[in-house]
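In the numbering used here, the protein residues as written are 7 to 1155.
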């Protein structure tokens, strides 16, 4: 993009010239037409084309002409009818038409003509036989030329006009002298800077009398007077200096040697003027130092278009001199403009304590540009890269012509630099409800030049601050939300800084399996689970726990492990077969394919498998016929793995545990009652480093904590905890539980579940930083018969247990919420609910646009429940609400709402509940609204009965300011349920309609809002985004059997930056799950969805339905949903009743 530098807009310039008066713009007041030898001269500043019109049309129809039409309006001359009829206009290859009633002459060329800019290029129209017997009041008149259809100058039907000026004088006395021979008039500048919406320039200049070429002394008489005036206009045309209103503000004051002059302003007329009267009998200008007389003309403001205009100074009553006038050209110079100044990206994030941004701008009429604080001349540039270290304001200074006369523009943009929180973790994050108070270690890595603070939703900050990289351990007394905030940030705009600390309980449910399974592994990235049977591997969904596809045949007693990215399962069978089962999502049933790929077999019997965190290394333990054990290492090579080496371990190896850092591999040896520890060097070569004992008889399962500090060993004598730092000599902590088999470590790091085969139960172990800190919290969590395999989903939502005794699988929900026994009163049939940002009030309402058998009539009102006092009240009792959203800033105490059959946006004072109405332009019916979490943008979906529109508002001020309106899409043949979601930073919004498989995107790019539509696989039912805006989720259904109620549930995950869409089929039908509304948890680690009579919690990574909450004993139609700002409570409207139900975080015992 090139820098645009413009001085004048394309225009025609017209002037009246009287050849009898040296081509000045004089019109003589006389009945003798020989005095007015007039012509109209037309020039241009760009090449202009004049096209012949087939016929003349009246002035008010000039836009409809089929060629170029010009109209000279002489009504300001006060010509009589006979005087106008005698006037003759002529020019070669032009035709003319008089319009007496308007005192206007129309003209059009008879052949195509081209007029170029520059000296000597003009069109002259002769105006002959002009007489003027009864002149108008004043000494100046303003004829107007209006022109249409001049290509490169005017649009097709839009005319331009040019205001001319002419001085009225009596015919000259040829016996008197011309004043210009002895006195000259000048100004110190002829530039007038125009004003615009952003810049008001009060122009000024000095008007000076000086000696003429002959310099004879000229004395003033008793009737001597000079009258200063300008060309005035009433519209947005050319030629005039300014309008009457601004002309009346012009000031004329005495300057150099003008002390004895008298100034009289006359600004009451339609022709403001200033009468300058010199002292009688004295020279108008003196000699020597007195040879110049000056006046200061100030406060000249014009909003008119740039172009030439004139200053007029008439004079009369000078003894011995003809009456006459001075005409000086003035040039309106367009004010320099900065159309835009922006920083990309904004906000930006620190990387290695600096941020790289690009500053971009667009300007008009600029001759020089300067950018601060870079202190760099950026003239002729439109962008420049910059490296900054903190939030930085950039100011662009643009100077235009005559910058010394205030033709300067400034614009500032703030580049917001945010610390990049590379990680913010808590260990543990989910705390067993019997384990409070609990020490939680918070760790963070923030790319920042500032310190940070941790803010508890229950306890505040405590005044402590920390380095941008560090950790701290705090004693947590109860569930809460912890927020990491850089100290320099006043607004909470940093992403990924909230952590909800929850308490959990276990809830057991058992599902039958088609055949008994020994081992279980949950996919880390998809809602499916793998099971190891005697000679098969099968997969089941995580909603109904039904098979996905057919089982895959394997060798005897297969062992399995999921890749960290969920792309494959590594299987080792007892006959030495090694297999990778590649997993791929599909668009048809069973929605996944499982493709085995063989690896080189091993000669001995595999007993356990493991996969490194980067998936580049596979580990297999084997034992030969003499029970001698080996650890076999396979490394990645392209799309497969090959054997790198092997390490001898003890007899009867049973399990493998990997150090989180990858530095060590632990193997339990049941035949020797030992643990083999294998280390790795820089070349990725593995070797046995030590063998440790004192871990009980027949060790089987192994578990290692998240921080790698504690190794758990399940043996016939119970569980032993030992330090990995000193595995040989450190004291063992013996945890006496009965017949432990295998471990499942929670991702949070503190807890381990261990299956107790003979007790038909699980034990829950809490791990500390030292073995002595480890303890058994529960030792009899009942499951099915003979539990062996156990795993915990990556989101710490579910524990899955295979029960070999009864061919079942136990599912333990790690519940973090419980249904409250009491509910909140509401309006009837509530469909929507929101919580105020201070967590003190809950609003609920019925959407008046929803009318079905449950809602046969309008239900007005807004129910307001105070969470502190427990009191509920109904406000806006006569208002049929559609939706409501609270401003996210708790200091801005108001909410936005929409009303049925109203074209207003309602602003509700959340203290008094008084409403203010903001009329919406266009008269569209508003349907939905959503507010960005940063409190800057409001998006409003509207309907004009044919199509949908999106209106965007700036809500940073007291009243919403409309920024844009974009057409989205036409009404579909069948209307559906619509959803609207705005990203936290207000940069994008998304709309879906359940009858159309499309996602409509509204985004801001290059100075304006744009719209795109993206195809979805199913019909969208609900829509939400993570708090940081990193992911968007669309819950959809797909018609799999139109003849039956069998619509498959799906979730589409969208990256709003790339608009990459991934769709995952949940493997459950709509009759089982029918999602209505979805909201994210405050920290973005869960999605809360209303479904039928309860609430489902979905893991946003694996899309697993990890928890379901119901209200026992109540018939509930779950619909609207909202969460407390700290996640402490979830509120759900009962569309079939008059209440809002509450889920509350599990509390410590």
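Backbone N, C-alpha and C fix where the C-beta goes; we use that ideal spot for every residue, glycine too.
Where residue 509 sits in the DSSP three-state scheme: Note: residue 509 maps to strand in three-state DSSP.
Distance CB(residue 247)-CB(residue 315) smaller than 8 Å: Taking 8 Å as the cut-off, the Cβ atoms of residue 247 and residue 315 count as close.
Beta-bridge partners of residue 113, as assigned by DSSP: In DSSP, residue 113 forms a bridge with 76 and 102.
Cutoff 6 Å; reference residue 943; Cβ partners in own chain excluding five residues on either side: Around residue 943, the same chain offers 992 as residues with beta carbons nearer than 6 Å, after the five sequence neighbours per side are excluded.
Cβ neighbours of residue 790 in the same chain (closer than 6 Å, five flanking residues each side left out): Within its own chain, the residues whose Cβ lies closer than 6 Å to the Cβ of residue 790, once the five positions on either side in sequence are excluded, are 516, 809, 812, 814 and 816, listed in chain order.
Cβ distance (whole Å) where residue 881 is taken to contact residue 870 below 8 Å: Indeed they touch by this definition, with Cβ atoms about 6 Å apart.
First and last residue of the uninterrupted beta strand (DSSP E) at residue 750: Counting along the chain, the beta strand (DSSP E) containing residue 750 begins and ends at 746-751.
Straight-line gap, residue 110 to residue 391 (C-alpha atoms, nearest Å): Roughly 58 Å between the two C-alpha positions.
Candidates 678, 33, 628 and 711: closest to residue 667 by CA position: Cα-wise, what sits closest to residue 667 is 711.
Best match in 863, 756 and 1094 for proximity to residue 823 [C-alpha to C-alpha]: If we check each option's Cα against that of residue 823, 1094 comes out closest.
Inter-residue CB distance, residue 152 and residue 68 (contact presumed, cutoff 8 Å): 7 Å between Cβ atoms; contact.
For residue 198, three-class secondary structure by DSSP: Residue 198 sits in a strand when the DSSP states are folded into three classes.
Any beta strand (DSSP E) of 3 or more consecutive residues that is wholly inside the stretch 564-642: Annotation note: the stretch 564-642 contains the following uninterrupted beta strand (DSSP E) runs of length 3 or greater, listed N- to C-terminal: 565-568, 574-578, 584-591, 598-605, 611-617 and 623-629.
Assigned secondary structure, residue 411 (DSSP; H/G/I helix, E/B strand, else coil): Assigned with DSSP and collapsed to three states, residue 411 falls in helix.
Best match in 66, 847, 867 and 735 for proximity to residue 874 [C-alpha to C-alpha]: The option with the nearest alpha carbon to residue 874 is 847.
Backbone CA spacing between residue 159 and residue 166 [nearest angstrom]: Using only the alpha carbons, I get a separation of about 8 Å.
Between the CA atoms of residue 756 and residue 656 - distance to the nearest angstrom: Cα to Cα, the separation comes out at about 29 Å.
Residue 608 beta carbon less than 8 Å from that of residue 2: Outside the modelled stretch of the chain, which goes from 7 to 1155, sits residue 2, for which no answer is possible.
Short Cβ contact (8 Å threshold) for residue 623 with residue 641: A contact, by the Cβ cut-off of 8 Å.
Exposed unless 16 or more other CB atoms sit within 10 angstroms - verdict on residue 717: Looking at its Cβ environment, which holds 16 or more other Cβ atoms inside 10 Å, residue 717 is buried.
Buried versus exposed call for residue 930 [16 or more other C-beta atoms within 10 Å across all chains shown]: Buried, since its Cβ has 16 or more Cβ neighbours within 10 Å.
Secondary structure of residue 330, DSSP reduced to three states: Reduced to three states, the DSSP call for residue 330 is strand.
8 Å Cβ cutoff met for residue 1041 and residue 1084: Residue 1084 is positioned such that its CB atom lies closer than 8 Å to that of residue 1041.
Beta-carbon proximity check, residue 6 vs residue 599, cutoff 8 Å: Examination of residue 6 is not possible in this model, given that the chain is present from 7 through 1155 alone.
Collapsed DSSP secondary structure at residue 90 in the structure displayed: In the displayed model, residue 90 falls within a helix according to three-state DSSP.
Contacting residues, own chain, Cβ-Cβ under 6 Å from residue 766 (five flanking each side not counted): Cβ neighbours of residue 766 within its own chain (closer than 6 Å, five residues either side excluded): 791.
DSSP three-state assignment for residue 83, whether helix, strand or coil: The answer is helix: DSSP assigns residue 83 an H, G or I state.
Limits of the unbroken alpha helix (DSSP H) element including residue 324: Annotation for residue 324: no alpha helix (DSSP H) segment contains it, and DSSP assigns it neither H nor E.
Three-way DSSP call (helix, strand, coil) for residue 229 in this model: Three-state result, residue 229: coil.
Pair within 8 Å by beta-carbon distance, residue 795 and residue 524: Cβ atoms of residue 795 and residue 524: closer than 8 Å.
Residue interval of the beta strand (DSSP E) (run including residue 881): Element bounds for residue 881: 878-881.
Inter-stretch contact (C-beta, 8 Å, three-pair minimum) for the stretch 504-516 and the stretch 437-444: When Cβ pairs closer than 8 Å are counted between the two stretches, the stretch 504-516 is seen to touch the stretch 437-444, the count reaching three or more.
Residue 596 versus 633, 575 and 547, residue with shortest Cα-Cα distance: Ranking 633, 575 and 547 by Cα distance to residue 596 puts 547 first.
CA nearest to the CA of residue 841, picked from 797, 804 and 901: Relative to the Cα of residue 841, the nearest Cα in the group 797, 804 and 901 belongs to 901.
In chain order, each beta strand (DSSP E) run of at least 3 residues that lies wholly inside the stretch 924-950: Restricted to the stretch 924-950, the beta strand (DSSP E) segments that are unbroken, complete and at least 3 residues in length are 931-937 and 943-949, listed in chain order.
Residue 1113 in three-state terms, based on DSSP: Here residue 1113 sits in strand by DSSP.
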